[in-house]
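There are 2 protein chains.
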Amino acid sequence: MVQIPKQSAPSSPAQRPVPTSADVARLAGVSRATVSYVLNNTSAVRISEPTRRRVHEAAKELGYVPHAAARSLRAGHSRMVLMPAPTVPVGPLYSQFFNELQWALSRLDYTVVQYGGVGLHGDEAARAWAELRPVAVLVPGSGLGPEGLAVLKRAGARAVVTLGPERVEGAHALLMDHDRVGHSAGAHLLARGRRRIGVVMPGESGLEIFSRPRLDGVRRALRGSEASVTELPLAYAEEDAARLAARWRTLGLDGVFAYNDEYAMLLMRALQDEGVGIPDETAVIGADDLMLGRLLRPRLSTVHIELPSGRDLAELVDRAVRRPGAAPETHEVLGARVVHRDSS
Amino acid sequence: MVQIPKQSAPSSPAQRPVPTSADVARLAGVSRATVSYVLNNTSAVRISEPTRRRVHEAAKELGYVPHAAARSLRAGHSRMVLMPAPTVPVGPLYSQFFNELQWALSRLDYTVVQYGGVGLHGDEAARAWAELRPVAVLVPGSGLGPEGLAVLKRAGARAVVTLGPERVEGAHALLMDHDRVGHSAGAHLLARGRRRIGVVMPGESGLEIFSRPRLDGVRRALRGSEASVTELPLAYAEEDAARLAARWRTLGLDGVFAYNDEYAMLLMRALQDEGVGIPDETAVIGADDLMLGRLLRPRLSTVHIELPSGRDLAELVDRAVRRPGAAPETHEVLGARVVHRDSS
DNA sequence: TTGAAAGCGCTACCAA
DNA sequence: TTGGTAGCGCTTTCAA
Chain A
1 MVQIPKQSAP
11 SSPAQRPVPT
21 SADVARLAGV
31 SRATVSYVLN
41 NTSAVRISEP
51 TRRRVHEAAK
61 ELGYVPHAAA
71 RSLRAGHSRM
81 VLMPAPTVPV
91 GPLYSQFFNE
101 LQWALSRLDY
111 TVVQYGGVGL
121 HGDEAARAWA
131 ELRPVAVLVP
141 GSGLGPEGLA
151 VLKRAGARAV
161 VTLGPERVEG
171 AHALLMDHDR
181 VGHSAGAHLL
191 ARGRRRIGVV
201 MPGESGLEIF
211 SRPRLDGVRR
221 ALRGSEASVT
231 ELPLAYAEED
241 AARLAARWRT
251 LGLDGVFAYN
261 DEYAMLLMRA
271 LQDEGVGIPD
281 ETAVIGADDL
291 MLGRLLRPRL
301 STVHIELPSG
311 RDLAELVDRA
321 VRRPGAAPET
331 HEVLGARVVH
341 RDSS
Chain F
1 MVQIPKQSAP
11 SSPAQRPVPT
21 SADVARLAGV
31 SRATVSYVLN
41 NTSAVRISEP
51 TRRRVHEAAK
61 ELGYVPHAAA
71 RSLRAGHSRM
81 VLMPAPTVPV
91 GPLYSQFFNE
101 LQWALSRLDY
111 TVVQYGGVGL
121 HGDEAARAWA
131 ELRPVAVLVP
141 GSGLGPEGLA
151 VLKRAGARAV
161 VTLGPERVEG
171 AHALLMDHDR
181 VGHSAGAHLL
191 ARGRRRIGVV
201 MPGESGLEIF
211 SRPRLDGVRR
221 ALRGSEASVT
231 ELPLAYAEED
241 AARLAARWRT
251 LGLDGVFAYN
261 DEYAMLLMRA
271 LQDEGVGIPD
281 ETAVIGADDL
291 MLGRLLRPRL
301 STVHIELPSG
311 RDLAELVDRA
321 VRRPGAAPET
331 HEVLGARVVH
341 RDSS
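Same order as they appear, the protein sequences are chains A and F.
Per UniProt numbering, residue 1 is the first one in the first sequence, and the count goes up by one each step.
Per UniProt numbering, residue 1 is the first one in the second sequence, and the count goes up by one each step.
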């Protein structure tokens, strides 16, 4: 790591206090009320053009910026949509989804804020979020329990939406059941005539939320067939992959769902180094449909995942905020379809 | 995209108002002051144990959560550290850095918030941030100008830190000059005996902040030598890479710096499909030292990039907050070193 | 067309 | 040990 050395310096004179609307009023020679009317373009009241100009000029001269906290305190509500920041590196899929969401919510005049909550868990996290009195909270994963939801609602959140595997009673839910991903992969391998199927389980913590349901999905796809499932713990490291590959033939697997494309790449490389034929000896399929899969040889089969559109989620949020009493909506939003290439 | 259908439902009875400290006081049979003392563990004042218990019970019963905006309004300052959310998908390097930073700041009792600012630019963005009255603002990239800085300072931000290629007068700066990355790559290729060197310039917008300085770095490394530089515009798409590879031999390049490992993988694949020998005919080097580079054949040479530690940045922030008048610190924090593998 | 003033929820000073 | 209360910056009702 690059070091940032400690450094000291003489302190400069105390900074000027932050200008308030009262300062603007004083400078413009009007009342604070008038300032508010002018700066907010209040339509219920007519302010003369010269006065408007004076106010605007005063505001600009002072560099006045309204105080969001004071405003929302007075208003009794905010337009803040809060979302916990992801703590695991997130792929291009999610990035795009989030950007879209954020853009759409901005258009609806909401302010989107990601709350950095490393170290906060469960209800503790919900309390921290509630302190900010967001008008809506979007919770990915499965970190929200009934108690957390209650806290948020009591704190005035008019819309709480979970994005994850299960719904919470009373909250809106965008169900993203990764079971489907595993199911697609499993069904595909089965259809390709594979019967002894491995499923990679990432060793990295935080991924169980995805890997567990994906495994279940594979199991579900194979139910009623004579095919079997073998769990394959695998850390995202070359040596671990090599170790797994070394004992590959003893496992006797003819197909493997590698959790996602990145793990698939790791595993494929190790298998190829070991001389295991892909797809003849073992078929490999990943998930996420990343570019890298297309660049591998053999080209990697994968499960393409569709997230909901950010615009749709933004509209759901807006609807819920406007009709807070409405019954929670639940939507299955995770699409999964196999992209068959050469590795399976 | 998966559609979320519109949906309607009858609205339920109006929700109870959000409980305030006055409600807690009423229920506990004490004053609001006492509630505040108890819930904040104010050490300057002793509250009897029975009273404490009554207050805590009342708070729990009502599900009371303090109102952060009211608190910081009263206090005259917040503990919020604001950072614009990245709009481009961000790699594991940055994710780790951010997590570390966030964790370290939490330990120092700051609240870290990422502000979703798609669509906001320059001073407009600075104004939006200023409305939240953050105690510190961390700005990656080069989006902050002198005017934006002034706005933030006037709004009471006690620390403004830029993380990018250049400093802004009056703000702390963590200089991350990607020139160094290009310089390392260029020097390496030169040392390997390459003289006609290509530099991939990603077609994706938003990446110029990195690609331009990296290119300059290569140029700088080659200055004084007889080596030449050729810019290679390349979109992150197979076809575009194939197109580039098809005319590769007419370019007569014997070395290429591929911007980063992902573009390197894309280009290498296209070159190999075209029958171009790597590294004999053309040496390839990427950047970022991603896992995928180790999985390629030949293994990808790369420039390993070191970001500052999140802990150090957190300490810089804390220092600056505590001594707001101190002279801005500037640190060169981007480390770059070549990891030589088989592709160069 | 403009101003005076109340009050959002909270904390901290001063008094009891 | 506890309570009364002023006031943070803002909007909005009511009066002038």
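Cβ atoms here follow ideal geometry from the backbone N, Cα and C, with glycine treated the same way.
Residue i in three-state terms, based on DSSP
i, result
"Ser12 (chain F)", "In this predicted model, Ser12 (chain F) has a pLDDT of only 37, less than 50, meaning its place in the structure is not dependable; the value taken from the coordinates is given anyway. Coil, per DSSP."
"Met268 (chain A)", "helix"
"Glu100 (chain A)", "helix"
"Gly325 (chain A)", "coil"
"Val256 (chain A)", "strand"
"Thr20 (chain A)", "coil"
"Tyr37 (chain F)", "helix"
"Gly277 (chain F)", "coil"
"Lys6 (chain F)", "Below a pLDDT of 50, predicted positions are generally treated as unreliable, and Lys6 (chain F), at 37, falls in that range; no measurement from the model is reported."
"Arg26 (chain A)", "helix"
"Val168 (chain F)", "coil"
"Asp342 (chain F)", "coil"
"Glu204 (chain A)", "coil"
"Ala69 (chain F)", "helix"
"Met1 (chain A)", "The pLDDT assigned to Met1 (chain A) is 40, lower than 50, so where the model puts this residue is not dependable; a value taken from the coordinates is nonetheless given after this. It is coil, neither helix nor strand."
"Thr42 (chain F)", "coil"
"Leu290 (chain F)", "coil"
"Leu132 (chain F)", "coil"
"Leu120 (chain F)", "coil"
Neighbour list for residue i in chain A, Cβ cutoff strictly below 9 Å
i, result
"Trp103 (chain F)", "Gly116, Val118, Gly119"
"Ser95 (chain F)", "Pro86, Thr87, Val88, Pro89, Val90"
Strand pairing of residue i, partner residues [DSSP]
i, result
"Phe210 (chain F)", "Note: Phe210 (chain F) sits in no beta bridge, so no partner."
"Ser301 (chain A)", "A:Ile285"
"Thr330 (chain A)", "A:Ala173"
"Arg337 (chain F)", "F:His304"
"Glu231 (chain A)", "A:Val199"
"Val137 (chain F)", "F:Leu82, F:Val160"
"Tyr115 (chain F)", "A:Val113, F:Pro84"
Contacts of residue i in chain F (Cβ-Cβ under 8 Å)
i, result
"Tyr236 (chain A)", "Met291"
"Asn99 (chain A)", "Thr87, Val118"
"Val113 (chain A)", "Val113, Gln114, Tyr115, Gly116"
"Arg127 (chain A)", "Val65"
Proximal chain F residues relative to residue i, where beta-carbon distance stays under 9 Å
i, result
"Gly206 (chain A)", "Ordered by position in chain F, no residue passes the 9 Å Cβ test against Gly206 (chain A), which lies about 11 Å from the chain."
Integer Cβ distance of residue i from residue j, believed to fall under 8 Å
i, j, result
"Thr302 (chain F)", "Asp289 (chain F)", "5 Å"
"Ala171 (chain A)", "Pro324 (chain A)", "Contact flag wrong, Cβ pair sits at about 12 Å."
"Gly252 (chain F)", "Pro213 (chain F)", "Not quite, the Cβ-Cβ distance comes to about 26 Å (not below 8 Å), so this is no contact."
"Val218 (chain A)", "Ala264 (chain A)", "Wrong, their Cβ atoms sit about 14 Å apart, outside the cutoff."
Contacts of residue i in chain A (Cβ-Cβ under 8 Å)
i, result
"Pro202 (chain F)", "Result: empty, since nearest Cβ-Cβ is about 13 Å, beyond 8 Å."
"Pro19 (chain F)", "Arg154"
"Pro233 (chain F)", "Going along chain A, no residue has its Cβ under 8 Å from Pro233 (chain F), so there is no contact; the nearest lies around 18 Å."
"Gly91 (chain F)", "Pro89"
Beta carbon of residue i nearer than 7 Å to that of residue j
i, j, result
"Ile278 (chain F)", "Ser343 (chain F)", "yes"
"residue 347 (chain F)", "Gly286 (chain F)", "Because chain F in this structure spans residues 1 to 344, residue 347 (chain F) falls outside the shown range and cannot be described."
"Leu334 (chain F)", "Arg133 (chain F)", "no"
"Gly122 (chain F)", "Gln102 (chain A)", "no"
"Arg167 (chain A)", "Ala173 (chain A)", "yes"
"Leu189 (chain A)", "Gly255 (chain A)", "yes"
"Pro66 (chain F)", "Glu131 (chain A)", "yes"
"Val200 (chain A)", "Leu215 (chain A)", "no"
"Val161 (chain F)", "Leu138 (chain F)", "yes"
"Ala157 (chain A)", "Gln114 (chain A)", "no"
"Val55 (chain F)", "Val35 (chain F)", "yes"
"Ala25 (chain A)", "Ser31 (chain A)", "yes"
Chain-ordered chain F contacts of residue i [CB-CB under 7 Å]
i, result
"Pro213 (chain A)", "By Cβ distance, chain F contributes nothing, its closest Cβ being about 17 Å from Pro213 (chain A), past 7 Å."
"Leu295 (chain A)", "Met265, Leu266, Arg269"
"Gly63 (chain A)", "Ala150, Val151, Arg154"
"Pro66 (chain A)", "Glu131"
"Ala69 (chain A)", "Ala69, Ser72, Leu73, Arg133"
Contacts that residue i makes with chain A (C-beta to C-beta distance below 7 Å)
i, result
"Ser106 (chain F)", "Val118, Gly119"
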